[in-house]
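K.L.:
Starting off with a structure, shown below.
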Amino acid sequence: MTDQFPVLQIDGLSAGYGPMRVIHDLDLVVSAGEKVGLVGLNGHGKSTLFLAIAGLTHWQRGSIKLNEKQIGRNRSQGPGRYTHQIVHHGLSLIPQGDEIFQGLTVKDHLDSGAYTKSAWRNRAGRRKEILQIFPALEQLMDTSVGRLSGGERRMVAIGRGLMAKASLYLVDEPTLGLAPKLGKGVLEALFDIELGESAMVIAEQNVALLDGRVDRIIGMHVGKLKGEAAASLAYQTKREI
Amino acid sequence: MDWSYVIINAIVLACIYGTLAIGVSITWSSLGLINMSFGFIFSFAGYGAWLVAQHISHNGVVILASGILTGALGGVIVCALAFIPLHDKPNFTIRGMIATLAISLFGTQALLWYFGPRVKNIPPVFGYGSIKVFGSTMTYDKVGAVLTSILMLTAVLLWMKSSRRGLEIRAMMQNPHAASIVGIGVRRTGFYVMAITGGLAGLASVLLSQTYYLQAFGGITPMIKGLSVALCGGLGSVTGVVIAAVILGINEAMTSRFWGGQYVLITQFGLIILILLIRPRGIAGILDKAREA
Amino acid sequence: MPTWKDPYSSWDPTGPIDEIPTNEWRSPESSWDAAREYKVPTHPVGRLRYYYKWPGHGKSLWNRLRYFPTRRTVLRFRGEYNPKTLRRENTIIDKRPIWWMLGFVALMVAPFVMPEGNRVLLSAAAVFSIYAAINLCWTLVIGTAGIYSLATYAIVGAGAYGSAYLSIHFGLPIPLMLLAGGLIGLVFGILIAIPAVRLEGFYYALLTLGVVELCRVYIIQSKAFGSEIGGLYGAASYIPEAWDEFAQLRLGYYAAATALVAALVLFRFINGKRLGRLLRMAPEKREAFAEATGVNYRVARIQVFLISSAALGVIGAFYASHFRGASPNLFGFDTVAMGLAMLVIGGLGRAEGAVLGTLIVVFIDRVLIDLGPLRIVLIGVLMLFVVLFLRGGVFGIKAQFRVWRDKKKSENRSARAEKGGEMLPEEATEVRDKDELAFRRYDKNQRDFLKTLVSDEVIEEFKNKPLGQHSEALERLLTYFRRQPMVDKYAIKCVEPFKAYQIVALSGISGVPPRLVEDKIYSSREDAWVGVFTRRIQDLLES
């Protein structure tokens, strides 16, 4: 693999809640244009990893670099204090179990995702692009999101995450709680996105859905990455060129 | 039976208190801060407008604008002193309330010390004439009060609906955690919110000072009335506040007409307690939990 | 240049005694001491809890002075045997009764130590006592019952006005005035408590604020309550008019001090006994737990509220008879704000906080009266400062400092931690074999020390003589390397005897073959040994 620009570089990250450590000495590099799948059971640290990158939980040791810029620090400030700055550096987090604004309409929701000035100015255009990816949202543009069903909400949340051109997309369990067909549809939409210089990390429990469609699959077990180290593990796959 | 007079009075009062109440409601629901220093911002803006009237010009628009701007400035100061240091510390709600109370305490005293205890007068913004509406006379200042407050409120609400900052404020009202994920910074939005609500308080101050004199402690009663209207209407929804303002305005006008001014507050609070007993969240409170910052 | 003499070279009588250059000697404990040093600047204040040990008095601990008929001792002692000094010694577990007793003595003796002829101080002291009593009841409501009621002054004012009115128009004697005040306070409290059942914390606080304002406006405009004179005056007072001024002031002071002591006793009896305990089980976040256990905390809250309302009414009546009347200032927003300032500065929720806060605020307000309105600015700024920076007011400083210091300590430890070094607490709780913790710590220290031993001389010495007796520094290094666990330990594979050797790493698992570390082939055993040694030194320096 050619030496690409590392969009995300994590060194020796240790994160945890209080006395309990969830992530132990994690090293991860994601290069530009890559789609990485992160698989593992619940409770093994995938969500914590994403939250730590976004600055929403404390982490104790290590360093996280987004676009070669060190983000976050391991002093214990209030969690979430610098998150909006990290987002402005080029991160788009689509969290587990959609965090939605109940009272806003779908249109407002999508608009709220456009956090850069250029994205805000072109928001109508971006919205059209999102509608091409998720055509079912066309009719629902003016309903308040609190009234939508689970699948529609997931589409809105993902659409919101895609509105601004971010360098790193972190998608946390896009198929959680969805019917299988819907889940597949959502994942297909994600896979079809043209990344360009950005990178995407999709955390998913169901390996079969990711098979063959991503560049790398990494397994996460009890807070440590397992798939990258030994070549002999069957989980590591490469995309056919 | 002077119904039209009563109704007109009610509308005027509802407009003015509604302005304050919407400010309180927006601050509470988007920042989680109960702004007890509204009274201070109120008198601060009033004095600002008075200074402008003394030294710069007597033009109505200038006075109104200066009142709004000084109010916004006051709001920003309060935000910097009380909201920014405390918003991510534990027990933020109480501490914020006590901090704003402290600001109100020393702010009003500082105003008293600087401007002296004598009441001041702001020249009328809308002129001295009057028009006949529905068979009763309405002085220009009442007309002006109603029109300006409705205009400003509509402007604010429109801005909140269409601009990015307004969207940020509305998003923070719903879900602050998700707002930070989408790149909405709590502190910057806090400054915007406090500036806007301070401006609203400044507007209410200039409008009210057409009828009453301006003094350092003059902001306390309107603030408490505004707080109760916001409480009654439900913190977090503009519709509820408007409805509550109308109801309480009608109540105040009718009570002062039939029973005399001293019983106004009693009936107000009786009504508020009644409404709150029936609906503890207020008339249209959309937040089903008191927002935890 | 220090040298080491090889002792075995002395067996050879003909050859010279080898002197091999080696390192300066360092004590192996030096790195341990350096690591254990605590580098965060800690000041003597609050560094270690120091308890003075009173010498034991030979009498058995159970034969002590007690408050009859309870079995409660005057001071709680803990008696231990000190094996170093071979004596019994006692420690006082809780020194707070001593401070309260000293405060009480100060309260009683105060008028006699004040400068003679100073009216301001004495009257300020009386005012302090009354406000402190009010604030204690308020602390009961806010701290113990957890109801954020700002209507305290409304109740006090109602009690004051009511009893003053009754005294003026119906000539009630003073004891009946107090009783009437209590009843009025109770009724008011019931009225205000009804919304508390339905409303949540902040909504309720705003509502009570409105109630205070309501009372103010009503009283100001009501003729019966003296709107023209600006207050109701002429109530009966326990201070006889016939006495001279200082005697009057002193009597007033002592009466107010009695009221304060009564309020303290009330606080103690409610907070320390059954109701307080029930309510401590049900703070904001754990109400569900209390409910599940069957504790009826709602009723307890209302009970505390009503008791304190009645007490406030009594204090209001006392206020009326002390000042011979009541004025609408009691209902002002400023009074409420100052009362809250008193509570906040001292520490919300604690009796000592209420008293101290009142002392500070009344001092600034009444004694420093020359500053004019600036003194209230000072109080406001102080209140803002306390709310912003001190969690829990003046009396919470100690706990806050300790928490901050622990946070700094753990941050330092985190910053010091390395991969494979000493374990952090979050790792330590997960590891099964706890001996691992001690081992890791010891290992880290040893490696730090060994790193300082590595030098060119040592490597030269090894290259010249791989086997045999070595100098101390080299000996320590070699022993450490040879004691490594088998996993990933270097070994030498003989490719061709006496001609080709390679370095391999053992797997440590039976049945798994060692892996090749590098392709380099060494031509002799000594070279291979030197190669392994170099690799190990490299790994040591990198770890």
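Protein chains in written order, with this note's numbering: chain A, 1 to 241; chain B, 242 to 534; chain C, 535 to 1077.
Note that the Cβ used here is the ideal one computed from N, Cα and C, for glycine as well.
Predicted model, so just to flag it, every value in this text is computed and none were measured.
(1) Output yes if chain C places a C-beta closer than 7 Å to the C-beta of S212 (chain B); else output no.
(2) Just checking: is the beta-carbon of M711 (chain C) within a distance shorter than 7 Å of some beta-carbon in chain B?
(3) Secondary structure at T2 (chain A), three-state DSSP: helix, strand or coil?
(4) Using a C-beta to C-beta distance shorter than 8 Å, which residues of chain A count as neighbours of N416 (chain B)?
(5) Three Cβ pairs or more, each shorter than 8 Å: is that satisfied between the segment 1-15 of chain A and the segment 53-67 of chain A?
(6) If the cut is a Cβ gap below 9 Å, which residues of chain A does I425 (chain B) touch?
(7) Starting from I246 (chain A), follow the beta strand (DSSP E) in both directions and report where the run begins and ends.
(8) Find the nearest neighbour of K107 (chain A) within the set A:L41, A:L131, A:K69, judged by alpha-carbon distance.
(9) Does the contact criterion of 3 or more C-beta pairs under 8 Å hold for the segment 969-984 of chain C versus the segment 1023-1041 of chain C?
(10) Under 7 Å between the Cβ atoms of A679 (chain C) and F803 (chain C)?
(11) Starting from I335 (chain B), find everything on chain A with Cβ-Cβ shorter than 8 Å and list it in chain order.
(12) At a Cβ threshold of 7 Å, is L162 (chain A) touching chain B?
(13) Do G424 (chain B) and H44 (chain A) come within 7 Å of each other at the CB atom, strictly closer than that value?
(14) Is any beta-carbon of chain C found at less than 7 Å from that of Q456 (chain B)?
(15) Given a cut-off of 7 Å on the beta-carbon distance, is the pair G316 (chain B) and L274 (chain B) in contact?
(16) Buried or exposed for A781 (chain C), please, with buried defined as at least 16 other CB atoms from any protein chain shown within 10 angstroms of its CB.
(17) To the nearest angstrom, how far is the alpha carbon of I554 (chain C) from that of S544 (chain C)?
(18) The ligand ADP and Q509 (chain B): does the residue's C-beta get closer than 6 Å to at least one heavy atom of that ligand?
(19) Verify whether the separation of the beta carbon atoms of V928 (chain C) and G881 (chain C) is less than 7 Å.
(20) Can you look up Y767 (chain C) in the DSSP assignment and give me helix, strand or coil?
(21) Does the contact criterion of 3 or more C-beta pairs under 8 Å hold for the segment 843-852 of chain C versus the segment 664-676 of chain C?
(22) Is any beta-carbon of chain B found at less than 7 Å from that of M1020 (chain C)?
(23) Under the DSSP definition of a beta bridge, which residues are partnered with V36 (chain A)?
(24) Whose C-alpha, out of B:I309, B:I263, B:Q350, B:L292, is nearest the C-alpha of G906 (chain C)?
(25) For P536 (chain C) versus E558 (chain C), is the C-beta distance shorter than 7 Å?
(26) How about A323 (chain B) and T341 (chain B): do their beta carbons lie closer than 7 Å?
(27) With DSSP run on the structure shown, which of helix, strand or coil describes E614 (chain C)?
(28) Quick check on the DSSP output: the beta strand (DSSP E) that includes A1034 (chain C) runs from which residue to which?
(29) For F935 (chain C) and K942 (chain C), I'd like the C-alpha separation in whole angstroms.
(30) Could you tell me whether the Cβ atoms of L353 (chain B) and S284 (chain B) are closer together than 7 Å?
(31) Please go through the same chain and pick out, in chain order, the residues whose beta-carbon is closer than 8 Å to the beta-carbon of F281 (chain B), but skip the five residues on each side of it.
(32) Could you pull the start and end residues of the alpha helix (DSSP H) that K402 (chain B) belongs to?
(33) What would DSSP say about D27 (chain A), mapped onto helix, strand or coil?
(34) Enumerated in chain order, which unbroken segments of the alpha helix (DSSP H) with a length of 4 residues or greater are wholly contained in the segment 990-1047 of chain C?
(35) On the premise that L104 (chain A) lies in contact with V145 (chain A), defined as a C-beta separation below 8 Å, what is that separation, rounded to the nearest angstrom?
(36) Residues bridged to Q9 (chain A) by DSSP?
P.N.:
A quick look at the data gives this:
(1) Absent from the structure is residue 212 (chain B), since the part of chain B shown begins at 242 and ends at 534.
(2) As a working note, residue 711 (chain C) is residue 177 in the third sequence. For M711 (chain C), the answer is no, since every Cβ of chain B falls outside 7 Å of its Cβ.
(3) Against the first sequence, residue 2 (chain A) aligns to sequence position 2. Bear in mind that the predicted position of T2 (chain A) carries a pLDDT of just 48, short of 50, making it too unreliable to give a figure here.
(4) Working through the second sequence from its first residue, we reach residue 416 (chain B) at position 175. E99, I100, F101, Q102, listed in chain order.
(5) yes
(6) Counted from its first residue, the second sequence places residue 425 (chain B) at position 184. Near I425 (chain B) (Cβ distances below 9 Å), the residues of chain A are H84, V87, S112, Y115.
(7) Outside the shown range of chain A (1 to 241) lies residue 246 (chain A), about which nothing can therefore be said.
(8) Numbered from its first residue, the first sequence carries residue 107 (chain A) at position 107. Among A:L41, A:L131, A:K69, the Cα nearest to that of K107 (chain A) is on A:L131.
(9) no
(10) Taking the third sequence and counting its residues from 1, the one referred to as residue 679 (chain C) is at position 145. Taking the third sequence and counting its residues from 1, the one referred to as residue 803 (chain C) is at position 269. No. Outside cutoff.
(11) Sequence index remark: in the second sequence, residue 335 (chain B) carries index 94 (1-based). By Cβ distance, chain A contributes nothing, its closest Cβ being about 17 Å from I335 (chain B), past 8 Å.
(12) As a position in the first sequence, residue 162 (chain A) is number 162, starting the count at 1. It does not: the Cβ of L162 (chain A) has no partner Cβ on chain B nearer than 7 Å.
(13) As a first step, residue 44 (chain A) is located in the first sequence; it is residue number 44 there, counting from the start. As a first step, residue 424 (chain B) is located in the second sequence; it is residue number 183 there, counting from the start. Not a contact, by the Cβ cut-off of 7 Å.
(14) Against the second sequence, residue 456 (chain B) aligns to sequence position 215. With 7 Å as the cut-off, Q456 (chain B) does not count as an interface residue toward chain C.
(15) As a working mapping, residue 316 (chain B) is identified with position 75 in the second sequence. As a working mapping, residue 274 (chain B) is identified with position 33 in the second sequence. Not a contact, by the Cβ cut-off of 7 Å.
(16) In the third sequence, the residue the question calls residue 781 (chain C) occupies position 247. Burial call: exposed.
(17) The residue labelled residue 554 (chain C) in the question sits at position 20 within the third sequence. The residue labelled residue 544 (chain C) in the question sits at position 10 within the third sequence. Those two C-alpha atoms are separated by around 14 Å.
(18) Of the ligands one can find in the structure shown there are none, so the ligand ADP has no counterpart to examine.
(19) The residue labelled residue 928 (chain C) in the question sits at position 394 within the third sequence. The residue labelled residue 881 (chain C) in the question sits at position 347 within the third sequence. In contact: V928 (chain C) and G881 (chain C) (Cβ atoms closer than 7 Å).
(20) Locating residue 767 (chain C) in the third sequence gives position 233, where the first residue counts as 1. It is a strand residue.
(21) yes
(22) Within the third sequence, residue 1020 (chain C) is the residue found at index 486, counting from 1. Chain B, which has no Cβ nearer than 7 Å to the Cβ of M1020 (chain C), makes this no.
(23) Counting from 1 along the first sequence, the entry for residue 36 (chain A) is found at position 36. A:V201, A:R216, per the DSSP bridge assignment.
(24) By 1-based counting over the third sequence, the position of residue 906 (chain C) is 372. Ranking B:I309, B:I263, B:Q350, B:L292 by Cα distance to G906 (chain C) puts B:Q350 first.
(25) Within the third sequence, numbered from 1, the residue matching residue 536 (chain C) stands at position 2. Within the third sequence, numbered from 1, the residue matching residue 558 (chain C) stands at position 24. Contact: yes.
(26) Within the second sequence, numbered from 1, the residue matching residue 323 (chain B) stands at position 82. Within the second sequence, numbered from 1, the residue matching residue 341 (chain B) stands at position 100. Yes. Within cutoff.
(27) Walking along the third sequence from the start, residue 614 (chain C) turns up at place 80. Three-state result, E614 (chain C): strand.
(28) Here residue 1034 (chain C) corresponds to residue number 500 of the third sequence, with the count starting at 1. Segment 1034-1039, the beta strand (DSSP E) holding A1034 (chain C).
(29) Here residue 935 (chain C) refers to the residue found at position 401 of the third sequence. Here residue 942 (chain C) refers to the residue found at position 408 of the third sequence. Cα to Cα, F935 (chain C) sits roughly 10 Å from K942 (chain C).
(30) Position 112 of the second sequence, counting from 1, holds the residue named residue 353 (chain B). Position 43 of the second sequence, counting from 1, holds the residue named residue 284 (chain B). No, these two residues do not count as a Cβ contact at 7 Å.
(31) In the second sequence, residue 281 (chain B) corresponds to position 40, counting from 1. Around F281 (chain B): G315, V319, I344, S345, G348, T349, L352, G460.
(32) The residue given as residue 402 (chain B) occupies position 161 in the second sequence. Its alpha helix (DSSP H) spans residues 381-403.
(33) Reading the first sequence from its first residue, position 27 is the one you call residue 27 (chain A). Residue state, collapsed to three classes: strand.
(34) 990-998, 1006-1016
(35) The residue labelled residue 145 (chain A) in the question sits at position 145 within the first sequence. The residue labelled residue 104 (chain A) in the question sits at position 104 within the first sequence. At roughly 6 Å, the Cβ-Cβ gap stays under 8 Å, so V145 (chain A) and L104 (chain A) are in contact.
(36) For the purposes of this step, residue 9 (chain A) is identified with residue 9 of the first sequence, where counting begins at 1. In DSSP, Q9 (chain A) forms a bridge with A:V29, A:K65.
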